[in-house]
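K.L.:
The sequence shown begins at 1323 in this note's numbering and counts up one residue at a time. Note that beta-carbon positions come from the ideal geometry of N, C-alpha and C, so glycine has one too. Computed from a predicted structure; not experimentally measured.
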Amino acid sequence: MAVHTSGQSVAKAAEPNRARGRRRDTAGAPGKLRRALSTHWYAWAMVTPVVIVIGVIIGYPLVRGVYLSLTNANERNVERSIGVNHLPATYEFVGLDNYADALTGSQFLDTLGWTLVWTVSCVAVTFGLGLALANILNRRIAGRSFYRMMLILPWAVPGFVSVFAWRFLYNEDNGLLNKILAGGGLDAVPWLNDPTWAKFSVIAVNVWLGVPFMMVALLGGLQSIPGELYEAAEMDGANAWQRFRHITMPGLRSVSTTVVLLSTIWTFNMFPVIFLLTRGGPGEATQILVTQAYKFSFEISPRDFAQSSTWGVLILVLLMVFAAVYQRVLRKQGETW
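(1) Residues in the same chain with beta-carbon distance under 7 Å from Ala1349, minus the five sequence neighbours each way, listed in chain order, please.
(2) Using the Cα positions of Ser1623 and Leu1584, report the straight-line distance between them to the nearest angstrom.
(3) In the DSSP assignment, the beta strand (DSSP E) including Asn1407 goes from what residue to what residue?
(4) List the residues that DSSP assigns as beta-bridge partners of Arg1402.
(5) Is Ile1525 closer than 9 Å to Trp1588 when the C-beta atoms are compared?
(6) In angstroms, rounded to a whole number, what distance separates the CA positions of Gly1506 and Phe1490?
(7) For Phe1618, which residues from the same chain have a beta carbon less than 8 Å from its beta carbon, with the 5 sequence-adjacent residues on both sides left out?
(8) Suppose only complete runs of 3+ residues qualify. What are the beta strand (DSSP E) ranges in the segment 1491 to 1569, listed by chain order?
(9) Using CA coordinates, which residue listed in Leu1425, Thr1600, Asn1493 and Tyr1552 is at the minimum distance from Val1635?
(10) Let me confirm a value: Gly1427 is counted as buried when at least 16 other C-beta atoms fall within 10 Å, else exposed. Which label applies?
(11) If you check the beta carbons only, do Leu1551 and Ala1456 fall under 9 Å apart?
(12) What are the boundary residues of the alpha helix (DSSP H) that Ile1587 is part of?
(13) Can you pull the DSSP bridge partners for Phe1415?
(14) Along the chain, where does the alpha helix (DSSP H) containing Ser1428 start, and where does it finish?
(15) Can you tell me where the alpha helix (DSSP H) holding Ile1596 begins and where it ends?
(16) CA-CA distance, Thr1654 and Glu1414?
(17) Would Ala1520 and Thr1600 be called neighbours here (beta carbons separated by less than 9 Å)?
(18) Does DSSP classify Ile1637 as helix, strand or coil?
(19) Can you find at least 3 beta carbon pairs, one from the segment 1564 to 1577 and one from the segment 1487 to 1504, that sit closer than 8 Å?
(20) Could you confirm whether any beta carbon from chain C is found closer than 9 Å to the beta carbon of Met1537?
(21) Leaving out five residues on either side along the sequence, give the residues of the same chain with a beta carbon under 8 Å from the beta carbon of Val1388.
(22) DSSP three-state label for Asp1626, please.
(23) Classify Ala1487 as helix, strand or coil using the three-state DSSP reduction.
(24) At the level of alpha carbons, what is the spacing between Leu1641 and Val1479?
(25) State the Cα-Cα distance for the pair Arg1342 and Leu1359, rounded to the nearest angstrom.
(26) Would a C-beta distance cut-off of 9 Å place Pro1534 and Pro1476 closer than the cut-off?
(27) Can you tell me the Cα-Cα spacing of Val1643 and Ile1637, whole angstroms?
(28) Check Ile1463 in the structure and name its three-state DSSP category.
(29) Could you spell out the range, first to last residue, of the alpha helix (DSSP H) harbouring Ala1367?
(30) Within 10 angstroms of the Cβ of Gly1602, are there 16 or more other Cβ atoms? Answer buried if so, exposed if not.
(31) May I ask you to report which of helix, strand or coil DSSP gives Gln1609?
(32) Less than 9 Å between the beta carbons of Trp1513 and Asn1528, yes or no?
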């Protein structure tokens, strides 16, 4: 009986402690936030202006673009000034009509199909060439530093300069490539005037621009793999392919996942190569989503701001979905990217 009474007393005494613990847990998050602000106030003070600037530069255009995509805004009904006359905006809210028109129309789906082919082709070829060059430069060969410098050169040259140089090379009448073919007795190739050749041409230029980044990133990953692993595998009788498959590729997994994701996003939105080289031509053969969105806003008449914004939002959604799926696949494979 005494033991029972003692147990009840202990339980009653513990109840206030549990209640205080629950109150502490409830107030834990605000308390942690206050402690973080008081302890790291200087860091917060330094970061806050940057966050505000980024919010203004990125946040406002994003919100504005989403809003315009829900209207029928174009060059003729937006707010504008003609001489001394100021005309108010007369566009109207149309909801999701622009998205329905884009997703059910053939133009968006056709452009999306070529954009996916363009992106997958460029990323795959760039990764393959970058990996091959990184493996070569990871060996002790004569003139390795010179080769590295020359292979990084396309990355150092401004993109628009490189694209214009390639445009001169592709010139059907006076381009260097066709002169070489003519010297060999071959007919000139319409590099930028034939839909099929134009697609190969823009992919080749983008690969040329992207290989240096891929090579440098993968070379850094190769140099982080311990050489003892290769020595042990060689002593165990593993051939070159087996060493590459079981040591090199697993060792490059973390680097590869990052560069493939970045390269995919960059290529999907690679405006300069397409616009400066072919302007989406011939016809609409090489038009990708981002260049078509630009065309809606700046080239057609009347300029269709609502349609351009709609395509821009769809591009953002597609890339966000890809990044989410990509991250989920990596998690299933044990990666913590």
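P.N.:
Here's the rundown:
(1) In this prediction, Ala1349 scores a pLDDT of 47, lower than 50, which makes its location untrustworthy; the coordinate-derived value is nonetheless stated afterwards. Taken in chain order, the list of residues that qualify is empty.
(2) 35 Å
(3) Asn1407 to Leu1409
(4) Leu1409
(5) no
(6) 20 Å
(7) Arg1625, Asp1626, Phe1627, Gln1629, Ser1630 and Trp1633
(8) none
(9) Leu1425
(10) exposed
(11) no
(12) Arg1575 to Phe1590
(13) Thr1393
(14) Ser1428 to Leu1459
(15) Phe1593 to Leu1599
(16) Note on residue identity: the sequence assigns Lys, not Thr, to residue 1654. Using only the alpha carbons, I get a separation of about 46 Å.
(17) yes
(18) helix
(19) no
(20) Among the chains in the structure shown there is no chain C, since it carries only a single protein chain.
(21) Ser1631 and Val1635
(22) coil
(23) helix
(24) 27 Å
(25) Unreliable placement is indicated for Arg1342, whose pLDDT of 49 sits below 50; no coordinate value is reported for it.
(26) yes
(27) 10 Å
(28) coil
(29) Trp1363 to Ile1376
(30) buried
(31) coil
(32) no
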